[in-house]
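Participant:
Protein chains: 2
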Amino acid sequence: MTKKNAFYAQSGGVTAVINATACGVIETARQHKDKIGKVYAGRNGIIGALTEDLIDTSRESARTIAALRHTPSGAFGSCRYKLKGLEENRREYERLIAVFEAHNIGYFFYNGGGDSADTCLKVSQLSERLGYPIQAIHVPKTVDNDLPITDNCPGFGSVAKYIAISTLEASYDVASMSKTSTKVFVLEVMGRHAGWIAAAGGMASTEQDELPIVILFPEVAFQKKRFLDKVKAMVKEHGYCSVVVSEGVRGRDGKFLADQGLRDAFGHAQLGGVAPVVANIIKQGLGYKYHWGVADYLQRAARHIASKTDVEQAYAMGKAAVQFALQGHNSVMPTIVRASNKPYRWKVGMAPLKKVANVEKMMPKSFISRDGFGITKKCRDYLAPLIRGEDYPPYRDGLPRYVRLKNVAVKKKLNTSFKVK
Amino acid sequence: MTKKNAFYAQSGGVTAVINATACGVIETARQHKDKIGKVYAGRNGIIGALTEDLIDTSRESARTIAALRHTPSGAFGSCRYKLKGLEENRREYERLIAVFEAHNIGYFFYNGGGDSADTCLKVSQLSERLGYPIQAIHVPKTVDNDLPITDNCPGFGSVAKYIAISTLEASYDVASMSKTSTKVFVLEVMGRHAGWIAAAGGMASTEQDELPIVILFPEVAFQKKRFLDKVKAMVKEHGYCSVVVSEGVRGRDGKFLADQGLRDAFGHAQLGGVAPVVANIIKQGLGYKYHWGVADYLQRAARHIASKTDVEQAYAMGKAAVQFALQGHNSVMPTIVRASNKPYRWKVGMAPLKKVANVEKMMPKSFISRDGFGITKKCRDYLAPLIRGEDYPPYRDGLPRYVRLKNVAVKKKLNTSFKVK
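Each protein sequence line maps, in turn, to chains Y and S. Using the working numbering, you'd call the opening residue of the first sequence number 2 and step up by one each time. Using the working numbering, you'd call the opening residue of the second sequence number 2 and step up by one each time.
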């Protein structure tokens with residue numbers, strides 16, 4: 002095996018643990034300096050490769066790279082950019098080959114979700130279709146938990162933990178206030194297509210500490226009367242309740258509930274979230290005082306309360322990706338294989354990229370309770386190990402000590418520029 | 002001193018650490034069983050006293066009471082209810098005396114903010130005005146940090162820490178996304194009258210790790226052009242920025258920015274938050290892609306990342322309140338007195354209630370930077386020790402082990418009921 006350099010990049014929405022994967026990739030590559038030269042990171046994902054904007058990770062100390070494990074967000078910058086097909090945009094592929102060739106890159110690690118898997122698959126075909134020898138390994142990451150084959154996706158467990166804890170804490174709060182003031186708290190969470198994250202809100206209620214939680218899943222068409230009846234029953238029994246609503250909830254007409262055609266005083270369209278919409282429905286239908294929150298980026302950036310399971314798996318995926326490359330694999334993705342629930346045991350598996358790209362894993366129907374507002378035991382058994390364990394970052398003066406890299410650019414070797422469209 | 006029972010209640014919006022104060026009150030009272038009989042908690046604040054709905058805290062084990070220290074929200078229920086003046090509503094005061102007399106209550110501990118201090122002051126006057134001997138001690142609590150005399154208020158430090166960390170984490174997130182996607186993240190925080198909590202967002206940026214953060218304070222009238230210029234300059238320099246906006250921000254016309262006269266498709270008024278309003282102003286004025294979040298209850302319930310300083314002070318205030326009572330004081334409030342900044346040293350002081358009730362402490366002008374969008378060194382020096390230290394709750398299966406009390410009711414002794422208006 003001739004010694005080649007590696008390319009690593011982060012793609013799509015970032016997470017609390019995608020840098021833990023970067024840490025796994027870089028630390029493992031550094032242990033194999035006989036086979037892997039340098040790890041070049043793409044500045045802002047694949048765009049860094051296209052524009053020859055590479056970061057020399059060898060300029061970062063071992064200590065700095067280790068600190069990536071407890072730093073949220075994408076340390077090298079991410080992008081939302083999907084390569085087109087070879088037939089549609091051959092110049093992109095030719096450009097990638099030119100950049101890879103100029104920098105002696107033989108390994109391509111792409112860290113992202115479904116769209117990124119598609120980009121990675123296309124790069125993996127450079128060898129057979131354009132004759133440039135490259136091994137492309139996709140490294141799974143997505144808070145949406147919607148990649149197929151893998152039991153779960155790094156990034157999801159930490160969001161799930163954050164939402165479960167936030168729902169627990171807010172429920173305690175509204176319970177205290179409910180006698181004379183707020184009776185319902187509405188929390189909007191991510192998940193445009195699948196209810197994985199909303200389901201995590203249900204974990205706040207346990208056998209030891211039962212809480213009234215109503216979940217609105219994108220998988221279940223919103224029916225106003227049924228919803229109001231449910232909230233009313235909860236408030237009647239418990240004095241209060243929490244509603245966890247997925248941003249992707251739709252009415253029976255298929256339209257997003259968030260899309261209420263809001264206009265300001267001047268008639269301008271306003272984009273609101275779904276939480277205030279649901280809160281208003283409760284106010285108008287039942288007259289209860291409410292509060293609402295929108296977690297947005299806070300949920301996926303909350304490294305301060307990341308799941309230990311998630312951090313370990315994120316690191317393991319990065320490590321496995323490099324090992325797969327060293328074993329000569331191309332066009333594959335490491336996966337998490339659940340071996341048992343109690344005790345939770347998992348191992349690393351391998352999936353062919355062509356079975357991953359553009360396939361979206363939905364939440365099983367059996368995870369949603371019969372009335373459509375809660376989660377089943379099956380769902381709990383699935384989620385429980387993913388939110389388990391804490392992995393606190395170090396602190397200084399009350400704040401987590403997250404690391405920022407120097408991100409030193411690699412000297413360009415091509416004298417051509419490339420415009421990303 | 003004859004042995005009397007004590008009444009303790011929680012009032013107003015709850016916090017991550019008000020139960021730590023309850024823990025301080027109950028544990029300290031238990032150490033003085035020769036002088037204080039039982040601690041009866043009011044179910045839902047003063048309403049519990051008026052309706053003779055008392056909770057016997059002696060039915061809770063030492064271990065359960067100790068767990069209050071790490072449990073957010075109000076364990077006995079809170080209320081938003083302000084006693085009227087003696088002249089206006091004499092029957093309420095007579096009822097209180099009847100309940101106190103029936104249960105041999107000689108100590109009254111009321112745990113709340115400015116409105117609650119007023120209620121406590123009125124109760125403290127029962128002795129001289131209606132001849133019922135009682136010692137009323139107010140115990141400070143409010144996330145708004147707006148009580149006078151005390152250097153800071155228990156509850157605020159933990160919200161400040163949560164907002165500082167959330168702003169830090171979200172800033173890292175948007176920085177990663179900014180190349181091809183989101184350039185501005187807007188976070189709405191509490192604070193209708195004063196910008197204390199919004200100021201905490203500024204703590205996310207430090208000397209070691211400077212971040213582009215724009216703060217919108219309720220103390221500074223919102224000017225669209227100046228704001229857009231500031232955001233534009235930040236994005237130009239850093240590629241992204243975070244905006245921390247207080248819910249109480251007003252325009253130069255004095256109207257809340259959140260109040261934009263939103264109407265849904267049917268013409269119904271809709272209550273939105275200020276975050277989406279600010280996000281839309283950015284979108285329309287600068288065209289940047291944005292994300293926005295509303296922390297709402299999450300910020301004040303986030304015991305999982307409470308400030309250690311805050312937890313310690315919350316406990317100390319409860320302890321001091323009982324000690325003041327044992328020393329024979331009436332109509333006072335324990336305070337936090339800052340002795341020095343570096344190293345941070347503080348001690349317990351005492352304030353007369355008549356100087357606390359109905360006095361709102363605003364944020365000093367010297368805490369806001371000259372351009373109105375940031376915090377000064379003076380503000381940083383003030384906030385720094387308040388967010389310092391972590392005080393993690395214990396966990397089970399990935400969730401904090403918060404405690405719920407049995408809250409056993411004390412047998413009623415009066416055969417009259419009382420309707421709270």
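All C-beta atoms in this analysis are idealised placements derived from N, C-alpha and C, irrespective of residue type, glycine included. Note that the structure is a prediction, hence the values are computed from the model and not measured.
1) Measure from the C-beta of R81 (chain Y) to each C-beta in chain S and report whether the shortest distance is under 8 Å.
2) Thinking just about the alpha-carbon of each residue, which of Y:R92, Y:K4, Y:S62 is nearest to the one in L131 (chain Y)?
3) Taking Cβ positions only, does W293 (chain S) come closer than 8 Å to chain Y?
4) Anyone know if the C-beta pair for H139 (chain S) and M334 (chain S) falls short of 8 Å?
5) Should K180 (chain S) and G78 (chain Y) be called a contact, given that it needs their Cβ atoms to be closer than 8 Å?
6) Under 8 Å, do A201 (chain S) and A234 (chain S) count as touching if we go by C-beta distance?
7) Does the Cβ of S367 (chain Y) have 16 or more other Cβ atoms within 10 Å, making it buried, or fewer, making it exposed?
8) Whose CA, out of Y:A303, Y:T52, Y:V215, Y:R405, lies closest to the CA of A99 (chain Y)?
9) Is there a Cβ of chain Y sitting closer than 8 Å to that of I297 (chain S), yes or no?
10) List, in chain order, every chain S residue whose beta-carbon is nearer than 8 Å to that of D254 (chain Y).
11) Please report how far the alpha carbon of I283 (chain Y) lies from the alpha carbon of V245 (chain Y), in whole angstroms.
12) Please give the ranges of any beta strand (DSSP E) in the segment 278 to 351 of chain Y, keeping only runs that are unbroken, at least 3 residues long and fully inside the region.
13) Do the segment 350 to 362 of chain Y and the segment 162 to 178 of chain Y touch if we need at least three Cβ pairs shorter than 8 Å?
14) Pull up the distance between the alpha-carbon of P141 (chain Y) and that of E61 (chain Y), whole angstroms please.
15) Return no unless some Cβ of chain Y is closer than 8 Å to the Cβ of G177 (chain S).
16) Which of helix, strand or coil does DSSP assign to A171 (chain S)?
17) Under 8 Å, do G319 (chain S) and V26 (chain S) count as touching if we go by C-beta distance?
18) Under the three-state reduction of DSSP, which class applies to A42 (chain S): helix, strand or coil?
19) I'd like the span of the beta strand (DSSP E) that includes Y111 (chain S), first residue to last.
20) Give a yes or no on whether the minimum CB-CB distance between T52 (chain Y) and chain S is below 8 Å.
21) Considering Y383 (chain S), what are the terminal residues of the alpha helix (DSSP H) in which it resides?
22) Is it true that the CB of Q300 (chain Y) sits closer than 8 Å to the CB of M1 (chain Y)?
23) Are the CB atoms of V185 (chain Y) and L217 (chain Y) within a distance shorter than 8 Å?
24) Using the rule of at least 16 other Cβ atoms within 10 Å of the residue's Cβ for burial, across every protein chain shown, is P134 (chain S) buried or exposed?
25) Look at T72 (chain S) and N20 (chain S) and say whether their C-beta atoms are less than 8 Å apart.
26) Quick check: the segment 393 to 403 of chain S against the segment 388 to 400 of chain Y, are at least 3 beta-carbon pairs closer than 8 Å?
27) If we call anything under 8 Å between Cβ atoms a contact, is V404 (chain Y) one with I56 (chain Y)?
28) Roughly how far, in whole angstroms, is the beta-carbon of I337 (chain S) from the beta-carbon of D152 (chain S), given that I think they are within contact range, below 8 Å?
29) Return no unless some Cβ of chain S is closer than 8 Å to the Cβ of E170 (chain Y).
30) Grab me the residues of S277 (chain Y)'s own chain with a C-beta within less than 7 Å of its C-beta, minus the 5 sequence neighbours each way, in chain order.
31) Going by CA-CA distance only, name the one from Y:T417, Y:F419, Y:V360, Y:L406 that's closest to P149 (chain Y).
32) Tell me which residues of the segment 193 to 214 of chain S have at least one Cβ-Cβ distance to chain Y shorter than 9 Å, keeping chain order.
33) Would K180 (chain Y) pass as an interface residue toward chain S - the criterion being a Cβ-Cβ separation below 8 Å?
34) Taking C-beta pairs closer than 8 Å, name the residues in chain C that H305 (chain S) reaches, listed in chain order.
35) A68 (chain Y) CB to nearest chain S CB: under 8 Å?
36) For T310 (chain Y), which option in Y:G329, Y:Q324, Y:K162, Y:L169 has the closest C-alpha, if you only look at C-alpha atoms?
Facilitator: Reading from the atomic positions:
1) yes
2) Comparing Cα-Cα distances from L131 (chain Y) to each of Y:R92, Y:K4, Y:S62, the minimum goes to Y:R92.
3) yes
4) yes
5) yes
6) Taking C-beta atoms as the reference points, A201 (chain S) and A234 (chain S) fail to come closer than 8 Å.
7) exposed
8) Checking every option, the nearest Cα to that of A99 (chain Y) belongs to Y:T52.
9) It should be noted that the sequence gives Asp, not Ile, for residue 297 (chain S). At a cut-off of 8 Å, the C-beta of D297 (chain S) has a neighbouring C-beta in chain Y.
10) Ordered by position in chain S, no residue passes the 8 Å Cβ test against D254 (chain Y), which lies about 13 Å from the chain.
11) Each residue's alpha carbon lies about 13 Å from the other.
12) Correct list: 291 to 295, 333 to 341.
13) By the Cβ rule, the segment 350 to 362 of chain Y does not count as touching the segment 162 to 178 of chain Y, because fewer than three pairs are nearer than 8 Å.
14) 24 Å
15) Here residue 177 (chain S) is Ser; the residue named in the question, Gly, does not match the sequence. It does; some Cβ of chain Y falls within 8 Å.
16) helix
17) yes
18) strand
19) 106 to 113
20) T52 (chain Y) does not count as touching chain S.
21) 378 to 384
22) Residue 1 (chain Y) lies beyond the stretch modelled for chain Y, which goes from 2 to 422, so this question has no answer here.
23) no
24) exposed
25) yes
26) yes
27) no
28) 5 Å
29) yes
30) Looking at the sequence itself, residue 277 (chain Y) is Pro, so the reference to Ser does not match. Excluding sequence neighbours, P277 (chain Y) sits near W293.
31) Y:V360
32) M204, A205, T207, Q209, D210
33) yes
34) Considering every chain present, this structure includes no chain C. Its protein chains are Y and S.
35) no
36) Y:K162
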